[in-house]
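First residue of the sequence shown? That's 1 in the UniProt record's numbering, and the numbers climb one at a time after it.
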Amino acid sequence: MVSTNDAPVTTTKIGNKLSNIGQPSSQTRPKSREPSSHDAQNRPAQYNGSSQRHPDDHFHGPRNGNLQDNWLCNHYKRRCLVKFECCNKYWACHRCHNNESTCGRKKLKSRDTTMVKCVECGKEQQFGENGPFCVSCDTQFANFYCGLCKHLTGNDDHPYHCDKCGICRIHGDRSFHCDVCGICLDVQLRGNHKCRPDSAHDECGICLEDAFTGCQILPCSHKVHRECANRMIRNGITRCPIC
1 MVSTNDAPVT TTKIGNKLSN IGQPSSQTRP KSREPSSHDA QNRPAQYNGS SQRHPDDHFH
61 GPRNGNLQDN WLCNHYKRRC LVKFECCNKY WACHRCHNNE STCGRKKLKS RDTTMVKCVE
121 CGKEQQFGEN GPFCVSCDTQ FANFYCGLCK HLTGNDDHPY HCDKCGICRI HGDRSFHCDV
181 CGICLDVQLR GNHKCRPDSA HDECGICLED AFTGCQILPC SHKVHRECAN RMIRNGITRC
241 PIC
């Protein structure tokens, strides 16, 4: 599972069954909500054009509007290649590396990025040397940039960095951080879920791996990865595997 650009946890409304897991909830999505302190904390700041950045200035919006829809892979909308210490070559993203590399490392994350290569001028440079812009031709690599997670992508899914989770997630327009559970949740779960202190890193009830990212929370409060739940549903299993 990928730890970056991850959606807030959501739930299903039919007991402990899993049949709605992984499905979009556009019909029940709130039309709007008042800005919160969480929103203000994670709202992108404008890039100042300098290669010297304040340590806290790690979120930047587009300098020249939206980028063109000409991307290097299906995972992220960016205009640069990335490199990792394990391989002497550039990749479209860490997920492409994990899927295709023969170096033996299959669980790289965006934080493992060391170098980027501009696709416009070919300039190789340290990640974040000039924020989300090429040090040579000033090409903007992506609309969303996080220097902490070393993450670059588009704004379509409303990405944001949650300081409390310590990672980048998506759907910042409809999420909040539950301080009791210690994880970002869908706004539908505000006051509508069973809080369990420090349950953010519960094991997935199916694969038994950390469910901090890419998971669904059931009404019983147990968590399962979306991909694991979808596989169970395809196999005709529709109830919480723990309960």
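No residue lacks a Cβ here, since even glycine has one placed at the ideal position from N, Cα and C.
With at least 16 other beta carbons inside 10 angstroms of its own, H97 counts as buried. By the Cβ-count criterion, D179 is exposed, with fewer than 16 other Cβ atoms from all chains shown falling within 10 Å of its own Cβ. Where C168 is concerned, there is no enclosing alpha helix (DSSP H), although the beta strand (DSSP E) around it starts and stops at I167 to R169. A contact between stretches requires three or more CB pairs, one per stretch, nearer than 8 Å, and the segment 186-195 fails this requirement with the segment 206-214. Under DSSP, H158 takes part in no beta bridge, so it has no partner. Beta-bridge pairing by DSSP links F127 to no other residue. Sequence-distant partners of K77 (beyond 5 residues in either direction) whose C-beta falls short of 8 Å from its own C-beta, in its chain, are L67, D69, W71, A142, N143, T153, G154 and D156. Cβ atoms of C240 and L208 stay farther apart than 8 Å, at about 14 Å. In the DSSP assignment, H94 falls within the alpha helix (DSSP H) that extends over H94 to E100. Straight-line spacing of the CA atoms in Y90 and Q126 works out to 13 Å. With a 10 Å radius around the Cβ and a threshold of 16 neighbouring Cβ atoms, H201 comes out exposed. A straight line joining the alpha-carbon of E124 with that of C220 spans about 50 Å. In this structure, I170 places its C-beta atom within 8 Å of the C-beta atom of H158. Y76 is not bridged by DSSP to any residue. Cβ contact annotation for S110 (same chain, cutoff 6 Å, sequence separation greater than five): T4, H94, C149, K150 and H151, in chain order. R174 counts as buried, since at least 16 other C-beta atoms from the protein chains shown sit within 10 angstroms of its C-beta. The beta carbons of T102 and K83 sit no closer together than 8 Å.
If the five residues before and after A92 are omitted, its C-beta is found closer than 6 Å to the C-beta atoms of L72 and C73, all from its own chain and listed in chain order. Linking F133 to I237 through their CA atoms gives a straight-line distance of about 48 Å. C-alpha of Q188 to C-alpha of L108: approximately 32 Å in a straight line. C243 sits away from C204, with the two beta carbons spaced by 8 Å or more. One alpha carbon belongs to Q140, the other to R79, and they sit about 7 Å apart.
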